[in-house]
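In this note's numbering, the protein residues as written are 9 to 358.
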Ligand code: NAD
Ligand code: TYD
């Protein structure tokens, strides 16, 4: 049985990936290593937590001794690394959390893998999951390619860029068998409501203002999380060692257009008058260093590995709204307590 260490599996994307790997590959044992920060939530995994090929390990990737001992005792065959601090606004307030987890944590994992695999590097994979934000900000035209120079502008994207460079350096210097992917913005079930879509769903549901930063014309390229984890599965099994793959849905939306679409979907679902939810839209002070536009060219993964997104955005967004409305307890649990303090700090002065 192959032992796969998956880090950050209690988070948004990680929990979808754990579910996919545990159910699709009974001959893999999936070890989910997660610190359970505010973003990590074992409630995301209740449906698979008793599976015989799944184990949860609570721990911090920044703790070097713990990571070395864990790799020594478990002798993982491969690593899929998602654990990270992931929210740009938090990185502006607390950059050091991002430096520790995203950079030091990644290097700890690289060193531990290099150490246990040193006598035979074949048959192993260190897969690093990253973001398109490392490429910086686009104007009205153009796309991010795998060859686009890195130009990160937030502490979050700079810390992810740094980790990407280190992963690449370990491939070139030590021949560590790496794979890497850079994906555009994800949306779907189990996303923590600090990110735009679930935050807006929660606020619309509760008839609270929907905060739109700046002029609302910032553009993101949205991909359904289920399609992202299918892409990770594809790359993990079919990707060429040492390569990077961009993942995206060719699905650009200006924030204001996306929120208007979301409002109209929610008016229908909640039996509200057409246009009622859009009245909650409130333009607020812009994010510092706000990247104007992201757009991924995903033709390499489509051409070489035959992956493509499975659904249109409108359909995925509707599934997402349905999930949040059906999972009120989950939403209430994650928005009680510390979330209220976070929200107050982020939005009271905007
Ligand atoms: P998330 O914030 O929802 O989850 C992160 C998980 O990592 C949480 O479970 C958290 O508890 C865990 N974690 C944080 N610090 C840790 C530490 N020091 N040790 C162990 N575990 C720790 O993030 P997400 O949105 O699921 O993103 C997962 C990965 O995908 C990240 O690497 C992110 O950069 C990348 N990514 C995200 C998106 C997106 O749109 N969300 C897009 C592209 C790439
Ligand atoms: P976010 O979901 O934080 O993802 P990222 O910054 O990683 O792309 O934000 C998506 C877009 O929505 C981004 O342009 C910032 C904007 N935004 C708002 O306008 N209001 C909000 O309250 C949030 C959280 C984001």
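Ideal Cβ positions, reconstructed from N, Cα and C, are used throughout, including at glycine.
On the DSSP bridge list, what partners appear for residue 249? Reading the chain shown from its first residue, position 241 is the one you call residue 249. In the DSSP assignment, residue 249 forms no beta bridge with any residue.
If you drop the 5 nearest sequence neighbours on each side, which residues of the same chain put their C-beta closer than 6 Å to that of residue 118? Counting from 1 along the chain shown, the entry for residue 118 is found at position 110. So the list reads 178, once near-sequence residues are dropped.
Which residue spans inside the region 316-340 form an unbroken alpha helix (DSSP H) run of at least 4? Within the region 316-340, the complete alpha helix (DSSP H) runs of at least 4 residues are 321-334.
Looking at C-beta atoms only, is the number of pairs between the region 191-205 and the region 89-103 that lie closer than 8 Å three or more? The region 191-205, when compared against the region 89-103, does touch it at the 8 Å Cβ threshold.
Using the beta-carbon count (16 or more within 10 Å), is residue 55 buried or exposed? For the purposes of this step, residue 55 is identified with residue 47 of the chain shown, where counting begins at 1. Result: exposed.
Residue 186 - containing beta strand (DSSP E), residue span: On the chain shown, residue 186 is found 178 positions in, with the first residue counted as 1. Segment 186-191, the beta strand (DSSP E) holding residue 186.
Nearest-angstrom Cβ-Cβ length linking residue 260 and residue 305, presumed shorter than 8 Å: Locating residue 260 in the chain shown gives position 252, counting from the first residue. Locating residue 305 in the chain shown gives position 297, counting from the first residue. Incorrect: roughly 12 Å between the Cβ atoms, too far for contact.
Start and end residues, beta strand (DSSP E) containing residue 37: As a working note, residue 37 is residue 29 in the chain shown. Note, residue 37: beta strand (DSSP E), 36-42.
Going along the chain, which residues of its own chain have a beta-carbon closer than 8 Å to the beta-carbon of residue 220, five neighbours each way excluded? What you label residue 220 is simply residue 212 of the chain shown in a count that begins at 1. Correct list, in chain order: 263, 264, 267, 289, 290, 291, 292.
Between which two residues does the beta strand (DSSP E) carrying residue 301 extend? Numbered from its first residue, the chain shown carries residue 301 at position 293. Following the DSSP letters along the chain, one finds residue 301 in no beta strand (DSSP E), marked with neither H nor E.
With which residues is residue 228 paired in a DSSP beta bridge? The residue labelled residue 228 in the question sits at position 220 within the chain shown. By DSSP's assignment, residue 228 forms a beta bridge with 261.
May I ask whether a heavy atom of the ligand TYD can be found less than 8 Å away from the beta carbon of residue 160? As a position in the chain shown, residue 160 is number 152, starting the count at 1. At a cut-off of 8 Å, the beta-carbon of residue 160 does not count as near the ligand TYD: no heavy atom of the ligand is closer than that.
Tell me whether residue 173 counts as near the ligand NAD, meaning its Cβ is closer than 8 Å to at least one heavy atom of that ligand. To locate residue 173, count along the chain shown from 1; it is residue 165. The ligand NAD has no heavy atom closer than 8 Å to the beta-carbon of residue 173.
Would you identify the three-state DSSP class for residue 103, choosing helix, strand or coil? Within the chain shown, residue 103 is the residue found at index 95, counting from 1. DSSP places residue 103 in helix when its eight states are reduced to three.
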